[in-house]
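Heads up, the thing below is written out as structure tokens.
Number of protein chains: 2
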Amino acid sequence: MAEIADLRTRSVLPIGTVMLLTDLTARQIRYYEAQGLVKPERNAGNHRTYSLNDVDELLEIRSQMADGFTLADVKRLKHPRHREDSDAEVRKVLRDELLNQSRLNQSPDPGPTIGFRQSH
Amino acid sequence: MAEIADLRTRSVLPIGTVMLLTDLTARQIRYYEAQGLVKPERNAGNHRTYSLNDVDELLEIRSQMADGFTLADVKRLKHPRHREDSDAEVRKVLRDELLNQSRLNQSPDPGPTIGFRQSH
DNA sequence: CGCAACATGTAAGTTTTTCTGACATTTACC
DNA sequence: GGTAAATGTCAGAAAAACTTACATGTTGCG
Chain A
1 MAEIADLRTR SVLPIGTVML LTDLTARQIR YYEAQGLVKP ERNAGNHRTY SLNDVDELLE
61 IRSQMADGFT LADVKRLKHP RHREDSDAEV RKVLRDELLN QSRLNQSPDP GPTIGFRQSH
Chain B
1 MAEIADLRTR SVLPIGTVML LTDLTARQIR YYEAQGLVKP ERNAGNHRTY SLNDVDELLE
61 IRSQMADGFT LADVKRLKHP RHREDSDAEV RKVLRDELLN QSRLNQSPDP GPTIGFRQSH
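Chains as they are written, first to last, in UniProt numbering: chain A, 1 to 120; chain B, 1 to 120.
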């Protein structure tokens, strides 16, 4: 039973499987790749192949998007440009987010639990 | 990170991924299914979908085949008809196997480590 | 308000993968 | 030599994935 560890790093999952595991559309997954957030490999037939680590990253992105972050935010949070200002960076994004959130929460009926920036 | 436990039982892997993880051909995987040894589900497009448990079962089959067992043996070992004779069953198969092996080992140059019943 | 950027949807055309069914080949065994 | 088991291979059809391009809803801002 070595395949489970392999799956963590081994790129064998096609995009359809990743769609099922993440509840993301192929469009979203490819777009996040175009923005440099995931880097799947390709098989001999030029199809994207993902590892379970990729799936986890996509779940993380999905979570942060659901929290109202923008893709640029997610990218910055994942790749802080300098150690020195990474804290400031994070705090800035979080502050912006809080402001954003409070502004959005002024709207009536914010919905069940997670309401903003959820069109689909 | 709930997808890893899901993968144990959730049928999301297409046959191509299973081929990579098991080093079996699609022909072999489908044949083992036809013999009742694995039971993949089907997606909306009628494509087979496998779980990691299925992958493990296939690896087990592959291992036993490499040991010289026949598919019928594998099937019997997995589904003994009665509790009472399951031991006898196992012993019979193992005895047959030993006889088989010693007979085969009379042939000259048995190959590197595992040599018999390995065509590909 | 209006406009630009962001995120996603959708459609068309092509390539790759998977499907079923049939026939061929190899190997082991009586 | 003949039979059964296991796998290979091929053909035609359906599904999945790819790229490119255009459309749409949403957000932030002057």
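The beta carbon of each residue, even a glycine, is placed where N, CA and C say it ideally should be.
Leu13 (chain B) sits in a strand when the DSSP states are folded into three classes. Listed in chain order, the alpha helix (DSSP H) runs fully inside the region 17 to 67 of chain B are 26 to 34 and 52 to 66, counting runs of at least 4 residues. Counting only residues of its own chain and dropping the five nearest sequence neighbours on each side, Leu21 (chain B) has a CB closer than 6 Å to the CB of Val55. Judged by their CB atoms, Ile15 (chain A) and Ala5 (chain A) are not nearer to each other than the 7 Å cut-off.
At a cut-off of 7 Å, the C-beta of Val12 (chain B) has a neighbouring C-beta in chain A. For Val55 (chain B), the closest Cβ of chain A is nearer than 7 Å.
Using a Cβ distance threshold of 7 Å, Ser51 (chain B) and Thr17 (chain B) do not count as a contacting pair. Closest option to Arg48 (chain A), judged by alpha-carbon separation, among A:Ala34, A:Glu60, A:Leu59 and A:Ile61: A:Ala34. A distance below 7 Å separates the beta carbons of Glu41 (chain A) and Ser11 (chain A). At a cut-off of 7 Å between C-beta atoms, Glu60 (chain A) does not count as an interface residue with respect to chain B.
Around the beta-carbon of Tyr31 (chain A), fewer than 16 other beta-carbon atoms lie within 10 Å, marking it exposed. In terms of CA proximity to Leu58 (chain A), A:Leu37 leads the group A:Glu3, A:Leu37, A:Asn46 and A:Gly45. Neighbourhood of Leu37 (chain B) in chain A, by CB distance below 7 Å: empty, with the nearest CB roughly 18 Å away.
Between the beta-carbon of Arg62 (chain B) and that of Leu7 (chain B) there is about 19 Å, and that puts the pair past the 8 Å contact cut. For Leu20 (chain A), a Cβ of chain B is located within less than 7 Å of the residue's own Cβ.
Residues of the same chain with their beta carbon placed closer than 6 Å to that of Asn46 (chain B) are lacking, with the five preceding and five following residues left out of the count. With its beta carbon less than 7 Å from one in chain A, Glu3 (chain B) belongs to the interface.
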